[in-house]
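Visitor: Just so we're aligned: the sequence shown equals residues 81 to 240 in this note's numbering. Shown below is the structure under consideration.
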Amino acid sequence: MSNIDYTGLDAYEFFHGVAEASRENTRALQQIMSLQETEGAKAQSYSVGGSSGSNQDTMAKVDKRLDLEALLSKRMEANYDYINDAYTLLYGISQLGDGGICYDMGSIYADLLQWRYLQCLTWDEVSERLLTPVRTLQQLEKEAFEFIDDKNYIEKNLGK
Numbered sequence: 081m082s083n084i085d086y087t088g089l090d091a092y093e094f095f096h097g098v099a100e101a102s103r104e105n106t107r108a109l110q111q112i113m114s115l116q117e118t119e120g121a122k123a124q125s126y127s128v129g130g131s132s133g134s135n136q137d138t139m140a141k142v143d144k145r146l147d148l149e150a151l152l153s154k155r156m157e158a159n160y161d162y163i164n165d166a167y168t169l170l171y172g173i174s175q176l177g178d179g180g181i182c183y184d185m186g187s188i189y190a191d192l193l194q195w196r197y198l199q200c201l202t203w204d205e206v207s208e209r210l211l212t213p214v215r216t217l218q219q220l221e222k223e224a225f226e227f228i229d230d231k232n233y234i235e236k237n238l239g240k
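Take a look at the structure:
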C-alpha cells in the first residue's frame, strides 16, 4: 500500500480521483511516445562532414523527451500508487479477488468499478463487457458507493 492519505474521502471522490489519475498517466505516456516518434532513427552517414545539424537536432529532441519524462515521473508514480490502492480496495491485497469489494459484495461490483474508473470506460463500454444493462450497472455503482461509505471501507482497508 502507498503512503497516500485517504482520510475523509468518500467513494465518489476516491473513484473519480482514481479515474483522473488514470487519464493523467495515459496523457503523459502519450506525450512521451509522441516525442519519441519525433526523434526518429536516421541512417548513418559516412560522408565527410556529415549533414549539418542533424545529430544536434536529434539530441535536442532526446533531451526534451528525457526532461519531460523526469518531470512527469514523480507524478505518474503517485498516480500509479493511487491506482494500485484502488485495485487493492476492489480485489484485496493479492488483487486476485480474494478480498476487497470483490469478496464482500461480489465480482460484478468490483469489475464494474474497475472498468468504469480504473480503465475509464463509458457506461456503454462497461455494459458491453459485463453483459449488463447500463441502468443496472448504475444502480450497482450506487450500492457499491453506499457500502464503501457506510462501512468506512476506504479508511479501514487503505488507512494508516
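For every residue, glycine included, the Cβ atom is placed at its ideal position computed from N, Cα and C.
For the alpha helix (DSSP H) holding Y183, just list the boundary residues, first then last.
Guide: Mapped onto the sequence shown, residue 183 falls at position 103. Y183 -> alpha helix (DSSP H) spans G180 to M185.
Visitor: Since A224 and L201 are thought to touch, with beta carbons under 8 Å apart, how far apart are those beta carbons, to the nearest angstrom?
Guide: Start at 1 with the first residue of the sequence shown, and residue 224 comes out as number 144. Start at 1 with the first residue of the sequence shown, and residue 201 comes out as number 121. A224 to L201, Cβ: 16 Å. No contact.
Visitor: Indicate the three-state DSSP secondary structure (helix, strand or coil) for Q194 in the structure shown.
Guide: Within the sequence shown, residue 194 is the residue found at index 114, counting from 1. Looking at Q194 - three-state DSSP - the assignment turns out to be helix.
Visitor: So Y197 and A108 are supposed to be a Cβ contact under 8 Å. How far apart are they, rounded?
Guide: As a first step, residue 197 is located in the sequence shown; it is residue number 117 there, counting from the start. As a first step, residue 108 is located in the sequence shown; it is residue number 28 there, counting from the start. Their Cβ separation, rounded to whole angstroms, is 18 Å, which puts Y197 and A108 out of contact at 8 Å.
Visitor: What three-state label does DSSP hand Y86 in the structure shown?
Guide: Here residue 86 refers to the residue found at position 6 of the sequence shown. Looking at Y86 - three-state DSSP - the assignment turns out to be coil, as it is neither helix nor strand.
Visitor: Give me, in chain order, the residues of the same chain whose beta-carbon lies closer than 7 Å to that of D191; leave out the 5 immediate sequence neighbours on both sides.
Guide: For the purposes of this step, residue 191 is identified with residue 111 of the sequence shown, where counting begins at 1. Excluding sequence positions up to five before and after D191, its CB lies within less than 7 Å of the CB of L210, all in the same chain and listed in chain order.
Visitor: Short of 6 Å in beta carbon distance, which residues of its chain neighbour N237, apart from the five on each side in sequence? Order them along the chain.
Guide: As a working note, residue 237 is residue 157 in the sequence shown. So the qualifying residues of the chain are L169.
Visitor: Keeping to the same chain, check which residues put their C-beta closer than 8 Å to that of I181; ignore five residues upstream and five downstream.
Guide: Reading the sequence shown from its first residue, position 101 is the one you call residue 181. Excluding five sequence positions before and after I181, the CB atoms of its chain that fall closer than 8 Å to its own CB belong to L169, L170, Y171, Y189, A190, L193, A224, F227, I228 and Y233, given in chain order.
Visitor: Taking the alpha helix (DSSP H) that N232 belongs to, which residues open and close that run?
Guide: Residue 232 sits at position 152 when you count from the first residue of the sequence shown. That residue, N232, is in no alpha helix (DSSP H); it is neither H nor E in DSSP.
Visitor: Any idea what DSSP makes of G172, helix, strand or coil?
Guide: On the sequence shown, position 92 is the one that residue 172 refers to. Coil at G172, not helix or strand.
Visitor: Tell me which same chain residues have a C-beta within less than 8 Å of the C-beta of Y86, skipping the five on either side of it?
Guide: For the purposes of this step, residue 86 is taken as residue 6 along the sequence shown, with counting starting at 1. Hits under 8 Å: F94, D165, I234, E235, L238 and G239.
Visitor: Leaving out five residues on either side along the sequence, give the residues of the same chain with a beta carbon under 7 Å from the beta carbon of I173.
Guide: For the purposes of this step, residue 173 is identified with residue 93 of the sequence shown, where counting begins at 1. Cβ within range, chain order: G179.
Visitor: Thinking C-alpha only, which one of A91, S114, A101 and M185 is nearest L146?
Guide: Stepping through the sequence shown from its first residue, residue 146 is reached at position 66. Comparing Cα-Cα distances from L146 to each of A91, S114, A101 and M185, the minimum goes to S114.
Visitor: In whole angstroms, give me the CA-to-CA distance for S82 and D161.
Guide: One-based indexing of the sequence shown puts residue 82 at position 2. One-based indexing of the sequence shown puts residue 161 at position 81. Distance between the alpha carbons of S82 and D161 is about 6 Å.
Visitor: Under a three-way DSSP split, which group does G177 fall into?
Guide: To locate residue 177, count along the sequence shown from 1; it is residue 97. Coil, per DSSP.
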